[in-house]
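Quick note, the sequences are listed as chains A and B, same order.
Under our numbering, read the first sequence as residues 224 to 1100, first letter to last.
Under our numbering, read the second sequence as residues -9 to 102, first letter to last.
Just so it is clear, CB atoms sit at the ideal spot from N, CA and C, and this is done for glycine as well.
All of these numbers come straight from a predicted model, not from anything done at the bench.
Following: one structure in structure tokens, then a few remarks.
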Amino acid sequence: MSPRPPRWAARLLTWLLPSGGAGRSARADLETEFRERSTEGERSASFWYVWEAAKLSAHFIVQGLQEAVRGGRIMGGWGQQFRLALRQFRLEPGFMGTAVGTIALGIGATVAIFSIVEAVVLSPLPYQEPDRLVAVWEWHMPRDRHRNVANPGNFTAWRERTATLSDMSGVSIQQPSRISIDDRTDEVMVQAALPNFFDLLGVEPAVGTTFTRASDEGVMEVVLSNDFWRRYFAADPSIVGRSVDLNGTEGTIVGVLRPDYMVHGEGTEVWRSMGGALGDQTNSGRWLMAVGRLGPGATAEGADVELRGIASALEQEFPDFNGGWSAEVVPMADEVVGDVRTALWMFLGAVGLLLLIANANVAGLFIVRATHKRRVLAVHAALGATRIDLVRQGVAEAAVVAGLGALIGVAGAHGVLGWMATSMPDAFRLPRIEEASVVGPALLVAVGITAITTIVFGALPTLQIRGGASAGVLKAEGRGTSRGTVKARRFLVVGEVALSVILLAGAGLFVRSMSSLLSIDDGITPEHVLVARINLSGPNYRGDAAKSAFFLALHDSLRAHPGVEATGGTTFLPMNGSGAATSAWPADRPEPESDDRRPADIRNVSGDYFDAMGIRLLAGRTFDERDGPDDPQRIVVNRALADRYWPNGDAVGKSVVINWVDLTPWEIVGVVADVRVTGPAEPSREAIYIPYRHATFFPWQQVAVRVRGEPLAMAESLRTAVGRLDPQVPVGQLQVMQEVVDRAVAQPRMQRTLMVSFAVLATLLAAVGLYGVLAYTVSRRVREIGVRMALGARADRVVRNVLAQGLSLVAIGLVIGLAGSAAMGRLVAGLLHGIHPIDPWSMAGAGIVIGLVACAACVVPAVRAARIAPSEALRPE
Amino acid sequence: MSPKSFLGEFEQMVLLAILQQKDRAFALEVRREIEGSADRAVSRGAFYTTLDRLEKKGFVEWEEAEADVTGRASALRRFAVTEAGLSALRESRRAFDALSRGLDGVLREEGA
């Protein structure tokens, strides 16, 4: 399909340009040029298109207005008012420019953020009736461990007994596997899915089909992820029907998923169908991610209650296996969006504040201007303009300002969204961000609110003019300001200061929370470490000896490489969010009841893993040649485990039972620092390290190589070393350890970045608003100040007077803002780490910054007031 | 619609560019001809407005060219200069030449 220009911009053009020849030609040519340009990059072509479309629209709008005015086509004098409004840009460039810029900023930020929230949180999943889909998990009540993968036996029982779910299916957790197609062998992340999995979700494939009925008959069918298909097969649609070998089992490719597929499959490259009997409660652990579709009339809450009932029956039937285990049902939408939801709603709140500030600014500008405008209008009225004419003029001016501001704002939002979808570093990416585009509702809300504000405040002064009143206004010499306007202006200054303090204090909270997160010791030294997954699954490496011999040889060969400081391997990387765990307890204590068992993470390590990953040894020793395959079973534990059972620091030499293969005790030879599994925000978990050669039930190692200098420079040597040992063994997930760590802190980092940008924008807007309101006040008081100075008032008195007026308002705003930020701290408490939600530092910082900005905004007009020459001020207008 | 109407500088350029492009005088090509030959950027809006104005004055006419002729996705307008347009151009040129007489020394480009 040929590239298309942004749809909203194209629609805008259709709407704004004349329908005749010129408009049609212009649109068609613009589209042709867009296509020509998109050969060099669709993104930049889109930017170009939007910019050209904006210019073209502006041209035709202005031209249309001019023609309308000339031809008198616009009824009842509107045309003339628009012409006058456009003329204001020449007469008052400062005022009009500030108003348009403020509106553009407010609308642009609101539309961009709202569109992101729309795409990421609000829009339905791309499946049939997505609101009928649920995820079903097990729930370990004693440890309050929610969303635990399910046992297949329990799953089968749920499926047989449920009445609220019309159907259920499931998919396994991810497993790295070897894939061979023709002569090529690679490592991919595979999930095994029940044959009805995709049908239940209602997933439409991009190419071919999803699993067919043949899966039920024991044939292994394979579905590819869109990304893998593009990378591996260059998006060749003819791959359907080809046979593949997955870990030694033959299968057939039946189809490719669409790029937006997202249920339980982040990072999965290949799905294989899972036929035959599932395990049960005696011979299989928990590894299935279950999904279900609600039957007619059923709700997720109803299903939750029902499944918990079934689970408690299963607890009676299998007390050993299911003791303490229940079930929970979660709507699928919650499952997919997950943790970012709270953060995004908070950003929506922040952007709402920003829109408020922008609107307050615009209102302020118009109100202040009204003081001056009243006099002009009174002159017009005295010269015979009807009230309708005057209102029209006000509305026309406001409409032009709002329209231009909105246009620039929306174009800016489009640019920001495009940038976020393409150029945002991976670590900061939001799920489904590519689907974000400027959305109708956001446009409507932001533009609507702003248009109403602008037009109401723009037209307000004209409503106050009545035929009879004009003489009074004229007599007042334009000096006076009505009491209503003064009040409104004060209210605005106070409000703006308060809102900015809230936003800035919020940003402060996130910055401090992020710093506290980043300063947590994650137990490793990720710099200069290259990691890669080396997977030995398949027929050539059956048995412990073959696997451990391979890794022994690999580490020897890498260690001999100049520049390598240490090399080792583990089954699961730190800060990567997953891994194996089982319960463990001291060998000299009785086996705990199933409810009291505490899980410990199990890592099978090879080589000098602790040195390679930079994990500090706290007591005893790490593994060495004394821990050969025939030596006694020895382990290294982390501090959390050692402290829990041996708080006096004498863990070394004690023994632990690991509930894994058998219950033979393992002797502790060393204690190492705690390492975070998912990210810095998570509390330390107990962990046990077992020498790989003693337990090779995971056929892979995440090999970590610590080098002097740039770790990626080592990549080729690592590939060569593996290839020399066995060219059939793939090197997967080659990456720098620092990237793994960066990904783990990406969410809080992104929240900080966004919040800081809002705060900067808000501070800027507030400064512009304050300055505008105060400066205008002073400029309208030129006459009064001039008189005072002519009567002998000293310049410093004038400055002090103007300053005091501004600063008293700022002070009130600060107090309200600080109270508001305390309230806001409570709202976002769940997103913060390591700091109290009412954080004196953030609040003080925000108060000081806004205070200073506000002072600066007051000082300039005050000084200008003092320089007013009485002669000039008193000259008749 | 008087043929006596004066031609603006930009209008002259548009008419000349249409003549240059002959049977490929689609709006996009005409604009590119002006940008290439006159070495100046042409405002899109002003350009289409000028085409419309020239049509109203009766100096250009257009026909819808089929998509296969344009080589593009949609049918486009192909422009041609009318007899009135030609005489207006000639009139402009005559006035220009008359006014330029004896000024060759002044008008010659530097280094030419």
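- Membership of A:SER1044 in the alpha helix (DSSP H) is indicated by the continuous run 1018 to 1050.
- Separation of A:ALA521 and A:VAL926 (C-alpha to C-alpha, rounded to the nearest whole angstrom) is 49 angstroms.
- Taking A:ARG495 as reference, the option from A:SER466, A:ALA896 and A:GLY628 with the minimal CA-CA separation is A:SER466.
- The beta-carbon of A:GLY626 is placed no less than 8 angstroms from the nearest beta-carbon of chain B.
- Annotated as proximal: A:LEU480 and A:VAL426, with beta-carbon spacing under 8 angstroms.
- Apart from the 5 residues on each side of it in sequence, A:VAL394 sits with its Cβ closer than 6 angstroms to the Cβ of GLN414, ALA416, PHE420, HIS487 and MET512 in its chain, given in chain order.
- Between B:LEU18 and chain A, the shortest Cβ-Cβ separation is below 8 angstroms.
- Residues are counted here when their Cβ sits less than 7 angstroms from a Cβ of chain B; for the region 273 to 286 of chain A these are GLU275, LYS278, LEU279, HIS282, PHE283 and GLN286, given in chain order.
- Of the residues assessed, A:PRO797 falls on the buried side of the cut-off, its CB having 16 or more other CB atoms within 10 angstroms.
- In this structure, the straight-line span from the alpha carbon of A:GLY617 to that of A:ALA593 is close to 10 angstroms.
- Taking C-alpha positions only, A:SER1065 is separated from A:PRO226 by approximately 47 angstroms.
- The residue from A:GLU492, A:ILE838 and A:PRO762 with its alpha-carbon nearest to that of A:ASP745 is A:ILE838.
- The alpha-carbon separation between A:ALA458 and A:TRP360 amounts to approximately 35 angstroms.
- Across the structure, A:ASP847 and A:ALA918 are spaced so that their CA atoms are roughly 16 angstroms apart.
- A:ALA335 and B:PHE86 have their C-alpha atoms spaced approximately 54 angstroms apart.
- Here the region 717 to 735 of chain A makes contact with the region 569 to 579 of chain A; the two share three or more CB pairs at distances below 8 angstroms.
- Per DSSP, the unbroken beta strand (DSSP E) holding A:PRO809 starts and ends at 803 to 809.
- The DSSP-derived three-state label of A:HIS603 is helix.
- Annotation: A:PRO316 to A:LEU309 spans about 11 angstroms, alpha carbon to alpha carbon.
- Here the alpha carbons of A:ILE1091 and A:LEU1014 stand approximately 13 angstroms from one another.
- Contact between the region 874 to 884 of chain A and the region 827 to 838 of chain A is absent, with fewer than three C-beta pairs closer than 8 angstroms.
- Straight across, the Cα-Cα distance linking A:THR432 with A:ALA636 is about 38 angstroms.
- Under the Cβ criterion of 8 angstroms, B:ARG67 is counted among the residues facing chain A.
- Setting aside the 5 residues that flank it on each side, A:ALA721 is surrounded in the same chain by GLY1036, ILE1039, GLY1040 and GLY1043, each with a C-beta closer than 7 angstroms to its C-beta; the list follows chain order.
- In the DSSP assignment, A:PRO353 falls outside any alpha helix (DSSP H), carrying neither H nor E.
- When C-alpha distances from A:SER535 are compared across A:TRP362, A:MET497 and A:ALA776, the shortest belongs to A:TRP362.
- Cβ proximity to chain A below 8 angstroms picks out ARG21, SER33, ARG34, GLY35, ALA36, TYR38, THR39, LEU41 and ASP42 from the region 19 to 42 of chain B.
- For A:ARG812, no beta strand (DSSP E) run applies, since DSSP gives it neither H nor E.
- Interface criterion met: the Cβ of A:GLU256 is under 8 angstroms from a Cβ in chain B.
- Here A:ASP745 is not bridged, per DSSP, to any residue.
- Of the candidates A:ALA783, A:ALA865 and A:GLU905, the residue whose Cα lies closest to the Cα of A:VAL930 is A:ALA783.
- DSSP links A:GLN924 through a beta bridge to A:ILE757.
- The region 322 to 331 of chain A makes contact with the region 984 to 992 of chain A: 3 or more CB pairs, one atom from each, lie closer than 8 angstroms.
- Inclusion of B:TYR38 and A:ALA251 in the CB contact set at 8 angstroms is not warranted, their separation being larger than that value.
- The CB of A:ASP1062 never comes closer than 7 angstroms to any CB in chain B; the least such distance is about 53 angstroms.
- Cβ contact annotation for A:ARG735 (same chain, cutoff 7 angstroms, sequence separation greater than five): ILE1058, ASP1062, TRP1064 and SER1065, in chain order.
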